[in-house]
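Numbering (my numbering), first residue to last: 944 to 1043. Ideal placement from N, C-alpha and C gives every residue a C-beta, glycine not left out. It should be emphasised that the depicted structure is a prediction, and the values quoted were computed from it without experimental measurement.
Below, the structure is given as structure tokens:
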């Protein structure tokens, strides 16, 4: 099955980089989508399943990363006035966008 085939690449990713909360969430979401689609459409071809999964991944990236950054930027921009001093910990592209 596709889930079984994904286990090796997932283990490779985990071995290359410490598993973060967001990475674990993304992996769980992908596995859930595969299982849900496989259960609901047992007659679906592997190619159709892959196409649907790629669309779901694109939507996940947009909703959880791109749009989340935009929402952080909008909220941050509304709370910072000219002349304010802003202290941050680490570096975040979403925080940097507030100032541009």
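Since I believe residue 946 is in contact with residue 980 (beta carbons under 8 Å), could you give me their beta-carbon distance rounded to a whole number of angstroms? Indexing the chain shown from 1 puts residue 980 at position 37. Indexing the chain shown from 1 puts residue 946 at position 3. Wrong, their Cβ atoms sit about 11 Å apart, outside the cutoff.
My parser needs the alpha helix (DSSP H) runs of 4 or more residues fully inside the region 972–1013; what are they? 989–1004
State the DSSP-derived secondary structure class of residue 1032, mapped to helix, strand or coil. For this step, residue 1032 is matched to residue 89 along the chain shown. Residue 1032 falls in the coil class under three-state DSSP.
Anyone know if the C-beta pair for residue 970 and residue 953 falls short of 8 Å? Working through the chain shown from its first residue, we reach residue 970 at position 27. Working through the chain shown from its first residue, we reach residue 953 at position 10. It is a contact, given that the beta carbons lie within the stated cut-off.
Starting from residue 951, trace the alpha helix (DSSP H) both ways and give me its first and last residue. The residue given as residue 951 occupies position 8 in the chain shown. Element bounds for residue 951: 945–959.
Quick one: grab the DSSP three-state call for residue 967. By one-based count along the chain shown, residue 967 stands at place 24. It is helical.
As a quick exercise: from 998, 1031, 958 and 1040, pick the residue whose alpha carbon is nearest that of residue 1015. Translated into the one-based positions of the chain shown, residue 1015 becomes position 72. Out of 998, 1031, 958 and 1040, the CA that lies nearest to the CA of residue 1015 is found in 1040.
Is residue 973 closer than 8 Å to residue 929 when the C-beta atoms are compared? Since the first residue shown for the chain is 944 and the last is 1043, residue 929 is missing from the structure and cannot be characterised.
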